[in-house]
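A.B. asks: What the sequence shown shows, in this note's numbering, is residues 24 to 115, in sequence order. Yeah, the Cβ is synthetic: ideal placement off N, Cα and C, and Gly gets one too.
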Amino acid sequence: ATAAGNGQEALVVVDGGYTPNTVTLQKDIPAKIVFERKDPSNCFNEVVFPDFGIHEVLPVGKRHVIEVDTSKTGEYQYACGMNMFHGKIVVK
24 ATAAGNGQEA
34 LVVVDGGYTP
44 NTVTLQKDIP
54 AKIVFERKDP
64 SNCFNEVVFP
74 DFGIHEVLPV
84 GKRHVIEVDT
94 SKTGEYQYAC
104 GMNMFHGKIV
114 VK
């Protein structure tokens with residue numbers, strides 16, 4: 024992730040998977056993950072972060088911002104709505 028104002032931000036491109044599929048964030052700094060969906064297949068309609076209770080629709084051809092909690096260190100998985108493609112966030 025890169026510094027963005029008083030927080031941090033990472034871009035994840037959705038095109039046949041998640042690139043990058045691992046994002047590292049700093050603990051206790053507000054964070055935004057920006058998903059840019061290029062792949063129109065139904066599998067990528069949604070992104071799910073089970074640990075954060077996040078389940079959001081990703082529009083094709085647009086950027087979609089999701090704020091994540093960085094108050095606890097650890098590895099947090101996310102997946103497409105069909106649970107076929109995966110990525111993770113590492114909070115250090």
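F108 by DSSP, collapsed to three states: which one?
C.D. replies: F108: coil per DSSP, three-state reduction.
A.B. asks: Quick check on the DSSP output: the beta strand (DSSP E) that includes T93 runs from which residue to which?
C.D. replies: Under the DSSP assignment, T93 falls outside any beta strand (DSSP E); it carries neither an H nor an E label.
A.B. asks: For K55, report the span of its beta strand (DSSP E) as first-last.
C.D. replies: A54 to R60
A.B. asks: Measuring CB to CB, does L81 end up less than 7 Å from R60?
C.D. replies: yes
A.B. asks: For my contact list, V70 and E32 are in at a C-beta cut-off of 8 Å; report their separation, rounded to the angstrom.
C.D. replies: Not really, about 16 Å apart at Cβ, beyond 8 Å.
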